[in-house]
Each structure stands twice: as C-alpha cells, then as structure tokens.
Amino acid sequence: MGTAYSAAITQTGGVGTATFAVTSGSLPAGVTLSTAGALTGTPTASGTFNFTVTTTDANGCTGSRSYSLIVGTPTLALTPSTVNFSVVNSAGTLTVATPPQTLTLTQTGGSVAWTAAADHSWITLSPTSGSGSGTLTMSINNTGGVLPASGSLTGTITVTPAAGADAPALWDPASAGVGAPPWDPASAGFIASTAWPANAPMTTVNLTIRAPTQPPEAPFGVFDTPAANTTIQGSIAVTGWALDDVAIDRVEIWRDLVTGETTVPFNAPGHPGHGKVFIAKPLFVAGSRPDVEAAYQNHPFANRAGWGYLLLTWGLWDQGNGSVTLYAFAFDQEGNNTTLGTKTLTSDNANATKPFGALDVPAYGETKAGLFFNFGWALTPNPNAVDSRTCTITNGNVFAGIDSGPLTTVDYGDNRTDIASAFPGFSNGSGGGGHYLVDTMTLANGVHQIGWYVVDSCDRADGIGSRFFSVLNGSSLTTATVRSVRLQPDFEGSDVVRVRRLNGDWTEVSPSATGAHIIAIDQSERIEVQLPVADGPTYTGAQILNGESRALPLGSSLDAEQGIFYWQPAAGFLGSFELEFSNLLNPSIQVRVVVGPSVRLAIDTPAGGIVAEQLFVVAGWAIDFASTDGSGIDTVHVWAYPTAGGDPIFLGVADIGDPRPDVAAGRAFLRAAARLITGYVPSVQRRLGPEHRRLDA
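When the count follows the working numbering, it moves up by one through the sequence shown with no breaks and lands on 699 for the last residue.
Structure, rendered in structure tokens:
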C-alpha cells in the first residue's frame with residue numbers, strides 16, 4: 003500500500019500487436035493493466051488478488067494466464083531487544099565499563115532511510131542515520147556527570163523510517179510473461195509491498211552503576227567440551243561459556259606438561275597458568291549459546307557468552323599421543339579470574355583415521371578486503387593398527403566453504419617445508435599446502451566463516467581449520483534479486499524437509515509432535531538442509547530466541563533460490579538452535595538443529611554451599627533437545643559425590659514431568675521438571691551430580 007508498482011506482461015507467438023485485458027478476478031484498488039500489458043499503480047489494499055489476463059493478437063487468437071498479485075508486508079527489526087551494561091562510577095569517572103555493544107537493524111521488503119535515537123544522554127549511539135539494513139554501535143558515557151554514584155537506569159533506542167518512506171516492491175517480476183510462468187504451470191504471481199509498520203522497533207538498555215566500594219563479582223561459566231576422560235584425535239572443539247557482571251576480558255586455554263616433555267612452562271607466580279603450557283585464547287562467538295543467553299539474559303554480553311577453539315591435537319606434545327590435561331581460565335575487565343574447568347583426556351593420534359590440518363590465513367578474527375589468498379595445509383594419517391591402508395590426498399579433493407555454503411576446490415599441493423619437517427614420513431608431507439582465492443567483494447561486510455573439507459584416496463574425510471574472519475570493503479557487491487526458485491529436478495513438487503551430511507544421501511526429516519523438524523549433529527559436523535521446494539518466491543530464514551527473530555547462526559548460509567540451508571557450526575556452538583524458514587506462499591517451517599550432546603540437566607535447588615539438615619529437596623529440570631515428543635527424558639537419577647573423593651551414593655529416582663514454562667521452547671519441553679525429596683547424605687561435603695551443587699550435610 004502506498005508504494006508505486008510496475009510490471010510488464012508479454013506474450014510469445016501470435017500475429018501483429020497483441021492487446022491485454024483482465025478477463026476474470028480483480029486487481030487491488032489503485033492498480034491497472036493497460037492494453038499493452040503494463041501492470042502499474044499504487045496498491046491501496048493488502049492481501050492476495052487473483053486474476054486472469056487474456057491476450058488477443060491481430061487475428062483474434064487468444065491466450066490466457068492466471069496470476070496472483072500479493073501485497074506483502076515489509077518489516078523493520080532491531081535486535082537484540084534488550085542489552086545490558088554495567089559500569090563502576092568513581093566520582094564521575096567510569097573506571098570500568100562494559101565495552102560497546104552492537105545492534106542489528108534488519109529491513110525486509112525494501113531499503114529506505116532511517117534515523118536512530120536514544121532517549122538518554124548517557125547512551126552513545128552511532129550511526130544515528132542510514133539506509134537499509136546495518137549495525138548500530140552503542141556505549142555508555144557520563145558526560146556532565148549525569149549518572150548516579152550507584153543504582154540502575156533504563157533507556158531506549160528507537161529506529162524510525164524516514165518520514166513518508168514506503169517500502170519498494172519485494173519482487174520485480176519483469177520476466178514473468180505468459181510464456182514464462184515464474185511459480186507453477188497453472189499460476190504466475192507478482193509481489194507488491196505495503197507501507198512500513200507504524201510501530202518503530204526499539205531496544206531497551208539496562209544499566210547497572212556500581213560504586214568503587216562495592217565488591218566486584220568474579221567471572222563465572224563452564225568448560226563444556228570435550229567431555230572428560232574421553233579419547234581424542236585430530237581436531238577437536240574446545241568449548242564453553244563465560245559471563246561477568248561487567249564484561250569478560252578473555253578466556254585462556256592451558257595444559258599441563260606431560261612426562262618427558264621439554265617445553266618450557268609459563269613462569270608467572272599468581273597467574274593460574276603458572277607452570278603450565280599456553281594453548282590459545284578462544285574466540286567469543288555471538289549467538290553460539292542460546293541456552294546460556296536464555297538463562298542469563300540480564301548479564302552483559304549474554305548473547306556472546308559462548309567461546310570456542312578448534313584444537314589440532316597433532317600439535318600437542320609427541321604429535322598428540324598420551325594423556326593431556328586441559329584448563330580453561332576466565333578473566334574479567336577488573337582483573338579477576340576463575341577456573342572454568344579442567345579436562346583430563348587421552349590423545350591417540352597413533353590410531354587416527356581421518357585427514358587433519360589447519361588454516362594459516364586468514365588469522366582468527368582477521369579483517370580482510372578485496373581479494374586475498376586463503377592458505378592452509380592438510381595431511382592424512384599413515385597406516386596404523388586401526389587402518390593399515392596407505393592413503394594420500396590428491397589435488398581436487400580439498401575443498402573450501404564460506405559460511406558453510408557450497409564447496410569449492412582448493413589448489414592443493416603447495417610445497418610446505420615447515421609441514422614436512424613437523425610431520426616427517428607422511429605421504430603428502432612435501433606438498434601438503436593449499437591455497438584458495440577469496441573475493442570479499444562477493445560477501446557482505448561483517449563476520450564470515452571459512453573452513454576446509456578434505457577427502458583422501460581411501461575416502462576418509464573430515465573438516466579442518468574452520469575459523470571466523472571479517473569483511474570490510476568500501477562497498478560490497480549487491481546481487482540482483484532472485485525472482486524464482488530453480489529446483490533440483492528430483493525434488494520438484496516436494497513438500498518435505500531433507501538433510502544431507504558430509505557427501506551422503508538426502509534423508510527425509512519428519513516433523514515432531516510440535517511441528518519442528520529436528521536434526522541432531524556433532525560439533526563441527528556439516529549439514530545441508532533442503533527445505534520444501536516450490537517454484538515461487540524465495541526463502542527467508544531466522545533464528546528464534548526468547549520469541550525474538552534474529553539472523554541465522556553465524557557461519558551458516560541460506561540459498562534462498564534453491565531453498566537450501568548450509569551450516570557447519572564452528573567451535574563454540576553448542577545446544578539447541580530454533581530456526582524458522584518461510585516464503586510468501588508457504589507457512590512457517592520450523593527446524594531445530596541440536597549441536598553436540600542433546601541431553602541437558604540443571605539443578606535449581608538446593609543452592610551451592612548451603613547446610614542441609616534432615617529432609618531437603620533436590621529440584622531442577624532435564625530435557626533432550628533431540629526429542630520429537632515431550633521432554634524426551636525417561637528417568638532422572640540423583641547421586642551424591644564426596645568432594646574429597648570416594649564412591650558416589652545413590653539418593654533416588656526423581657519425579658519428572660511437572661511443567662517448567664521457563665525452560666520450555668514454546669510447548670516443546672513444557673514438562674521438564676525433576677524433583678526428589680531426600681535426607682540421606684552422610685555428614686561430609688558432597689556434590690550432587692551429574693550437574694553438581696556443593697553442600698554440607
């Protein structure tokens with residue numbers, strides 16, 4: 003409504019000049035069809051309008067085609083809907099403050115000018131105007147001493163379309179002629195658009211001010227994967243999450259020296275890494291832990307609490323053979339640190355059976371522009387007790403993918419003397435390098451993921467070196483709007499969801515009891531999801547969190563024309579990701595991707611450190627994210643573990659099935675509660691497992 007619209011209807015064949023007329027149905031008010039086939043006007047009503055156009059040539063011969071003109075609804079969204087900041091105010095000076103945070107402005111259905119404004123002077127916002135989708139950066143200031151010495155404040159950021167701006171057409175069907183139906187053989191369609199919604203999107207800003215005399219909180223979090231006491235090979239995802247009342251500065255991963263190792267350990271008494279070997283500072287990845295964001299949504303940077311690092315175990319001592327103990331330490335901006343966890347593992351690359359390697363360029367988090375070469379290397383294990391075959395990697399079997407999308411061949415076989423020296427005797431040692439030319443002008447400005455996928459001559463395959471990098475060009479290539487879906491022939495007319503793993507076959511994914519198509523994958527496993535195909539408008543996709551629609555997970559991509567969603571979750575992604583895909587002709591398609599272990603358990607009571615006397619209640623919740631019906635949990639056993647060591651004590655079987663609407667995703671996991679009344683805990687400190695709480699009995 004209120005937006006000028008035009009399209010041309012043409013014919014093929016016939017004699018002389020043809021004329022066009024609407025012979026049945028109706029056009030929306032404000033839109034007309036000329037005898038020359040020009041469909042023009044400004045719609046004044048929304049909805050779907052079905053009509054038939056008949057063309058007549060100079061000899062009176064006719065041809066007809068049915069069309070639908072859909073007056074769509076454009077959207078303007080600002081996410082996240084809430085952000086949290088914390089500062090320490092020392093006599094008007096902010097000595098500690100949550101770093102700037104980013105808001106995402108998304109326009110669908112067009113691109114118009116907008117303005118952004120904050121309702122309080124202590125909110126700094128940039129930019130304050132623009133056009134189309136983009137990002138806003140916000141921070142906290144105390145100019146003029148407007149902040150109190152301590153307390154809490156709330157502000158609002160509002161984005162408003164420019165006065166009188168209407169959304170342009172969602173789809174320009176210039177090629178939609180009588181002889182070229184864009185949707186299906188029986189019906190072609192056009193899409194117009196409406197005016198922008200009246201309600202401007204807003205983000206709430208919550209600010210906590212702390213005086214210097216108030217004690218700071220230590221950072222907290224969890225070291226999640228890999229699971230303790232397991233065997234590891236090749237590249238593994240080292241992941242967890244961390245939060246703080248102000249902000250996490252960094253997480254560091256360390257390891258113990260192993261027997262006989264000559265590496266010089268870190269020497270800094272007082273630092274948690276003293277006497278250990280430093281491994282890496284993992285990256286924090288926005289959107290990687292929706293479970294943590296939902297549980298701690300009032301903390302700063304809850305939307306990027308997840309951290310991850312892809313550890314190449316071949317780079318450990320003795321090429322990753324033997325016992326290894328990993329540590330994760332979190333540091334906040336005030337200098338406090340916390341041990342997030344410790345994992346003792348057995349590395350067994352002597353019996354590894356998958357290709358391995360790493361990327362060298364781009365560096366983790368590096369910003370790139372224009373053209374650049376992506377460099378890396380890949381090898382495959384020698385014959386061993388598990389697989390005695392001699393395997394090699396040949397050029398044409400190393401692939402690169404950006405944002406988990408379609409794979410492109412890497413030029414493999416570069417001379418890498420450093421790799422040959424580090425891995426003597428391997429089949430591709432002297433030519434294990436590869437390179438791939440990346441044109442960032444084909445990518446939008448922002449964060450992207452790149453990774454390699456390697457298949458050796460024995461058909462053993464694995465992904466290597468996945469990492470994030472940023473693109474920042476003066477301008478990015480704007481691709482033409484896709485007008486119709488070009489289908490894979492074997493899927494035409496299909497209304498099901500399919501998934502393909504690695505290079506396997508497509509398999510159907512039936513909907514669960516709640517209508518979601520559930521796909522469970524391992525960490526770093528690559529999938530392709532084929533959405534129901536229909537020759538018509540293209541798909542859009544979003545991640546749904548706490549009822550809020552957000553961009554698809556970082557590192558994924560959606561081929562809107564083919565209706566294929568690609569994703570290889572980077573290190574750091576863990577949990578359940580609720581995705582929603584739709585186009586103008588299909589209802590919402592829900593897809594739940596469960597990354598890593600699907601079962602989750604939490605203890606809410608008793609609180610840690612309490613003194614338990616006589617009977618007390620152990621209560622919490624348990625769900626299986628991969629369940630297609632209900633919580634997916636059959637039984638919850640409660641055990642007590644002596645903190646000083648010794649055998650655990652079985653406390654009993656918890657009652658399950660009571661409602662927990664705070665845990666439920668819609669109604670999917672509504673009855674997730676677990677509860678046990680117990681009084682049998684000997685008089686020593688115990689931990690309740692497997693999600694532990696320490697208490698004195």
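Where is the CB? At the ideal position from N, CA and C, for every residue including glycine.
Coil, strand or helix - residue i by DSSP
i    : result
V279 : strand
W623 : strand
G236 : coil
A296 : helix
V484 : Low confidence applies here, because V484 scores a pLDDT of 28, under 50, leaving its location unreliable; read the following figure in that light. In the structure shown, V484 sits in coil (DSSP, three-state: anything other than H, G, I, E or B).
Q321 : helix
G2   : Residue 2 falls outside the range modelled here, since the chain spans only 3 to 699, and no answer is possible.
R500 : strand
S423 : helix
P187 : Any reading at P187 must be qualified, since the residue scores a pLDDT of 33, below 50, and its modelled position is unreliable; the value itself is stated next. Note: P187 maps to coil in three-state DSSP.
N353 : helix
R418 : coil
A305 : The residue you asked about is not Ala; residue 305 is Asn in the sequence shown. N305: helix per DSSP, three-state reduction.
P175 : Caution applies to P175, whose pLDDT of 34 falls short of 50 and renders its modelled position unreliable; the value that the coordinates give is listed next. P175: coil per DSSP, three-state reduction.
T315 : helix
T160 : strand
F22  : strand
T12  : coil
T205 : strand
T392 : coil
T77  : strand
T104 : strand
T145 : coil
Residue environment, residue i, which counts as buried when at least 16 other CB atoms sit within 10 Å
i    : result
E580 : buried
T196 : With a pLDDT of 44 at T196, under the threshold of 50, the modelled position of this residue cannot be trusted, and the question is left open.
A20  : buried
T702 : Nothing about residue 702 can be reported from this structure: the residues present for the chain run from 3 to 699 only.
A171 : Any answer about A171 is weak, because its pLDDT of 35 lies below 50 and its placement is not dependable; what the coordinates show is given next. A171 comes out buried.
Q109 : buried
A230 : exposed
F705 : What the structure shows of the chain is the stretch from 3 to 699, and residue 705 is not part of that stretch, so it cannot be assessed.
G577 : buried
R391 : exposed
P383 : buried
S88  : buried
S177 : For S177, the predicted model reports a pLDDT of 34, less than 50, meaning its position is unreliable and no value from the coordinates is stated.
D657 : exposed
H450 : buried
N353 : exposed
L556 : buried
S629 : buried
R669 : Caution is warranted here: a pLDDT of 47 is assigned to R669, below 50, making its placement in the model unreliable, and the coordinate value is therefore given only provisionally. With fewer than 16 Cβ atoms within 10 Å of its Cβ, R669 is classed as exposed.
P203 : buried
Of the listed residues the options, nearest to residue i (C-alpha basis)
i    : options                : result
E295 : T344, D464, A244       : A244
K345 : V207, D226, R67        : D226
G407 : D461, E530, G431, T117 : E530
Q216 : T394, G153, S66        : G153
R418 : G43, W379, V148        : W379
R500 : I125, H450, I591       : I591
G308 : A239, T348, K278, F268 : A239
V287 : P271, G272, H639, A304 : A304
G39  : G453, S512, T58        : T58
Those residues which DSSP pairs with residue i across a bridge
i    : result
V535 : BP columns for V535 are empty, so no partner.
F333 : R252, N339
N61  : Answer is none; N61 lacks a bridge partner.
S68  : T54
R469 : I452
R552 : Q545
H519 : P513, V593
H437 : F377, D413
R528 : For R528, which the question treats as bridged, DSSP gives no partner whatsoever.
H639 : V655
T37  : According to DSSP, which records beta bridges pairwise, T37 is partnered with nothing at all.
Residue i: CB within 7 Å of a non-hydrogen atom of the ligand PLP
i    : result
D389 : The ligand PLP is not part of the structure shown, which contains no ligands of any sort.
Contact with chain D by residue i, beta-carbon distance below 8 Å
i    : result
R502 : Structure shown: chain D not included; a single protein chain is present.
Residue ranges of each beta strand (DSSP E) run of no fewer than 3 residues wholly in the region 210-257, ordered along the chain?
-> List check, beta strand (DSSP E) in window: 222-227, 237-245, 250-257.
3-residue-minimum beta strand (DSSP E) runs that sit fully inside the region 107-131, ordered along the chain | Complete beta strand (DSSP E) runs here, min 3: 115-120, 125-128.
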